[in-house]
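Here the structure is laid out as structure tokens; the discussion comes afterwards.
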Amino acid sequence: MPLDLKNTLQRMSENKKLPGVIAYNRIDGPGSSLDLREFQQTFWHLPQIPEDLYSDLSMKWTHNLPRTIGITINVGTKIEAHPFKSGYIGIKSTEYGTETEVNFGDVVPTKNNWILKAIEIFGLSGVKFVLKNLSAGTISAGLGGSATTLTGVCILANELAKRPFNEIQLVSMSSRIEQDLGVSITGTQEQSNVIFGGVTDYIWFPWGIPGHTDTGYGESIRCELIKPEAYQKLEKRMAVFHSKHSRESTVVNSVWREKLRTQDGYKLHSEKLEIAYQFREGLRLNKWDQVKDSIDSYRKIRTKLCPQYLNGSKEIVGRAEPDSSAFPLGAGGGGGILVFSPEPDSLQKLKEDLSNVYREIPFKILTQGHKLVNIDQKEK
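Numbering-wise (our numbering), the sequence shown opens with residue 18 and increments by one.
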């Protein structure tokens with residue numbers, strides 16, 4: 018029998034304390050796409066793992082492993098659980114103006130039912146999840162919105178079901194549901210960002226960490242690259258603009274995935290590992306010129322592999338050079354574009370130049386990937 022939440026949520030609604038979660042998006046960079054399942058598995062090999070995983074702050078022993086750096090920002094989705102008809106589950110999106118309901122146990126595993134299927138997995142009924150974006154106009158912005166939303170749904174459902182799953186299981190669940198139901202081609206970086214947050218280096222272990230039997234798909238070794246008190250240094254050197262073009266994430270990811278199966282494509286993809294490591298070290302050591310160089314190098318490789326990656330971004334890339342660098346976020350093809358400059362003054366001038374043509378998405382860097390609302394965390 019499902020856990021019917023109607024009466025519990027009705028009481029919480031009367032007290033104006035409906036449970037919810039705020040799930041935050043991320044800015045990616047060099048290393049993005051290395052989190053896709055095929056890339057994690059293709060480029061992973063058993064390294065010489067030190068006894069103390071974090072004894073070397075540079076983590077040099079990981080430089081040939083797939084990794085992604087995520088930067089959590091205060092853009093994302095609020096998800097709230099509302100009382101609903103007993104025996105039913107529902108989902109409402111205020112951004113898209115859609116609402117769907119279905120009998121518990123009758124959720125067909127299709128693309129349109131991906132969020133309902135996630136809720137059903139947790140054995141919940143008598144509940145409707147209401148989704149609302151924190152910032153208008155961030156749909157299809159390459160900030161990991163769909164994965165962020167689903168991961169937030171899984172976090173909230175897990176709380177309502179008394180936490181049957183651990184953090185890595187939630188990462189794995191969110192990733193597999195999104196990809197296997199055909200919503201998009203996804204990896205584990207967006208999901209990991211929502212669970213952990215901060216300015217974090219994720220070194221991927223697609224089959225779990227050797228010697229650690231309690232881990233599996235979705236596992237990573239995680240390193241904080243910048244402390245919260247130093248976030249402002251990075252914020253002054255970064256901006257995100259929306260190209261006003263729709264993204265072609267699945268199309269672009271499909272091309273990269275196919276190129277991985279060719280000799281020339283495999284070689285180009287393999288070069289990403291070292292570039293991503295240099296990006297990591299540039300952030301950790303505040304070597305801003307190194308950060309810029311790694312962004313430029315990574316973007317050029319991605320464009321060689323798939324020219325569609327720059328659709329909607331070519332003008333910004335051209336305007337940014339040579340003092341700054343532009344990086345289409347997510348899979349590219351349009352949407353959000355990261356602009357980075359080693360010198361804050363150069364970035365400010367560029368922002369003034371771009372503001373007449375593109376819409377800036379303002380942000381602040383956050384330490385956490387999600388925030389629980391009206392949920393007792395003492396038991397956590």
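Cβ coordinates follow ideal geometry from the N, Cα and C atoms, glycine included.
Buried or exposed, going by whether 16 or more other CB atoms sit within 10 Å of the CB of residue i?
{"i": "I66", "result": "exposed"}
{"i": "P227", "result": "exposed"}
{"i": "L141", "result": "buried"}
{"i": "H229", "result": "exposed"}
{"i": "M18", "result": "exposed"}
{"i": "R180", "result": "exposed"}
{"i": "L167", "result": "buried"}
{"i": "D218", "result": "buried"}
{"i": "K309", "result": "buried"}
{"i": "L364", "result": "buried"}
Which stretch, first to last residue, makes up the alpha helix (DSSP H) that contains residue i?
{"i": "F60", "result": "54-60"}
{"i": "M190", "result": "184-197"}
{"i": "H286", "result": "280-287"}
{"i": "E275", "result": "266-276"}
{"i": "A135", "result": "131-138"}
{"i": "L251", "result": "248-252"}
{"i": "L383", "result": "Taken as a continuous stretch (DSSP letters only), L383 belongs to no alpha helix (DSSP H), as it is neither H nor E."}
Could you compute how far the alpha carbon of residue i sits from the alpha carbon of residue j?
{"i": "F60", "j": "R84", "result": "10 Å"}
{"i": "G46", "j": "I156", "result": "19 Å"}
{"i": "L51", "j": "Q57", "result": "6 Å"}
{"i": "Q307", "j": "R297", "result": "10 Å"}
{"i": "G169", "j": "L198", "result": "18 Å"}
{"i": "K397", "j": "E176", "result": "Bear in mind that the predicted position of K397 carries a pLDDT of just 47, short of 50, making it unreliable; the figure below should be weighed with that in mind. Looking at the two C-alpha atoms, the distance is approximately 9 Å."}
{"i": "W131", "j": "C171", "result": "11 Å"}
{"i": "T25", "j": "V119", "result": "20 Å"}
{"i": "K366", "j": "K253", "result": "12 Å"}
{"i": "N129", "j": "G282", "result": "33 Å"}
{"i": "T279", "j": "Q325", "result": "18 Å"}
{"i": "A174", "j": "R239", "result": "25 Å"}
May I ask which residues mark the beginning and end of the beta strand (DSSP E) holding residue i?
{"i": "V390", "result": "387-390"}
{"i": "T117", "result": "115-120"}
Worksheet item: Any contact of the stretch 264-283 with the stretch 334-350, i.e. 3+ C-beta pairs under 8 Å?
Response: The stretch 264-283 is in contact with the stretch 334-350.
Fill in: Length at least 3, wholly inside the stretch 23-109: the beta strand (DSSP E) runs in chain order
37-44, 84-100
Discussion item. Threshold first: 3 residues or longer. Then list the beta strand (DSSP E) segments lying entirely within the stretch 316-359, N to C.
Written reply: 342-345, 353-357
Discussion item. Would you call the stretch 277-294 in contact with the stretch 226-241, where contact means no fewer than 3 C-beta pairs closer than 8 Å?
Written reply: Because the criterion of three Cβ pairs below 8 Å is not met, the stretch 277-294 and the stretch 226-241 do not touch.
Worksheet item: At what residue ranges does the stretch 199-244 contain a whole run of the beta strand (DSSP E), taking only runs of 3 or more?
Response: 216-222, 236-241
Worksheet item: Counting Cβ pairs, one atom from each stretch, are 3 or more of them under 8 Å apart for the stretch 67-75 and the stretch 93-110?
Response: no
Item to complete: Please determine if the stretch 378-387 and the stretch 247-263 are in contact, where contact requires at least 3 C-beta pairs separated by less than 8 Å.
Response: The stretch 378-387, when compared against the stretch 247-263, does touch it at the 8 Å Cβ threshold.
Item to complete: Please list the segments of the alpha helix (DSSP H) lying wholly inside the stretch 154-180, counting only runs of 4 or more residues, in order along the chain.
Response: Runs of the alpha helix (DSSP H) lying entirely within the stretch 154-180, each at least 4 residues long, are 162-177 in chain order.
Fill in: contact_flag[the stretch 77-93, the stretch 327-335] where n(CB pairs < 8 Å) is 3 or more
no
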